[in-house]
Each structure stands twice: as structure tokens, then as C-alpha cells.
Amino acid sequence: MRDIKGGRGTQKSITETTDRTIPAPGQLLDRVPNMPPLSDFERTGISFSGYTTSYGAEFHGKPTASGVIFNMYDYTSAHRTLPFGTWLLVTLNGRQVIVQVNDRGPFVPGRVLDLSQRAAEAIGLSGVRWTEFEVLVPRGG
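The sequence shown runs 1 to 141 under this note's numbering.
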């Protein structure tokens, strides 16, 4: 069993959380200019938490690890191991945003997720903050 680094205490790896595997991701989109409504997804109960940051202008217009061009105004994220196309519900102080994983990172020890600038702004994230995440599955997908 692998441990997630940067989380509080020791947790099972995301793919082993609650003895369930991560569901097949949604189709990887070229753009996510608008946040899809939560009603478009089923909640899996597979959740985790960790330190989150954002990234923006310095990577805007450059290819992500998935091959999609990074747009800091889209609702996207970077995670080290979750499959590209995975949807996440990210919560900070009661504010929520839905993002799709389309990149790898963060590569700073102790951090778990990077959000695009737009997604970070949607939940009031600045700097490094502890957030909660839940894997979502598109309805009918």
C-alpha cells in the first residue's frame, strides 16, 4: 500500500481509498471554460485532502502532461497520479469548485494538487491551503 505524501497523517493511496478503485475517468476535454454543475456528476465518496496551490500565467498556452494546452482560465488541475480526465470536487472553507485533472504536479514536496488560476479564484484559494477533494463520475458515463 502506498501513502499519499503531503496529507495529514497516513492515508491509503487514492486508488485504494476505502478499498475501492478510482472509477474510469471522464473524457479528457480540450477546454473546461465553464464549471459544470454538480448535478452532472455522481459523488463517489472517494475523498482525500492535502495542501493545494494554483498555477497560471507562467504556464498559460503551454502543453500540459496530457497534451492539452493549459489555459489558466479553465477549470482544471494537476495531480501526480490521478488519471487524466478525472473530475474532482475541491472544497475550501465551504466553497466548492469542480475541476478536471489534465496535468501532472505539483512537484513541490508536501503539496497534493495544483489548481488553475480560475479554479483557485472560484474558491478563494491563494498561497498554499489545506483543501478537501472528492472524485466525481459524470452521470451516464
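No residue lacks a Cβ here, since even glycine has one placed at the ideal position from N, Cα and C.
Nearest-angstrom Cα separation, counted from residue j out to residue i
i: residue 134; j: residue 43; result: 7 Å
i: residue 23; j: residue 121; result: 28 Å
i: residue 78; j: residue 41; result: 20 Å
i: residue 182; j: residue 35; result: Here the chain has residues from 1 to 141 only, and residue 182 is not among them.
i: residue 88; j: residue 62; result: 22 Å
i: residue 38; j: residue 99; result: 11 Å
i: residue 26; j: residue 48; result: 19 Å
i: residue 60; j: residue 74; result: 10 Å
i: residue 55; j: residue 46; result: 25 Å
i: residue 142; j: residue 125; result: Any answer about residue 142 is impossible in this case: the structure gives the chain only from 1 up to 141.
i: residue 116; j: residue 110; result: 18 Å
i: residue 139; j: residue 64; result: 26 Å
Contact check, residue i vs residue j, beta carbons under 7 Å
i: residue 97; j: residue 108; result: no
i: residue 112; j: residue 76; result: no
i: residue 92; j: residue 131; result: yes
i: residue 123; j: residue 95; result: yes
i: residue 66; j: residue 28; result: yes
Reduced DSSP category for residue i - H, G, I as helix; E, B as strand; rest coil
i: residue 100; result: strand
i: residue 122; result: helix
i: residue 143; result: Outside the displayed range of the chain (1 to 141) lies residue 143, so it cannot be described from this structure.
Sequence-distant residues of its chain with Cβ nearer than 7 Å to residue i (five each side left out)
i: residue 57; result: 72
Own chain, CB closer than 6 Å to residue i, minus 5 neighbours either side, in chain order
i: residue 128; result: 51, 53
Close Cβ partners of residue i (< 8 Å) along its chain, the five nearest in sequence each way excluded
i: residue 69; result: 30, 61, 62, 63
inquiry  = Count Cβ pairs between the stretch 73–90 and the stretch 98–117 that sit closer than 8 Å; are there 3 or more?
reply    = yes
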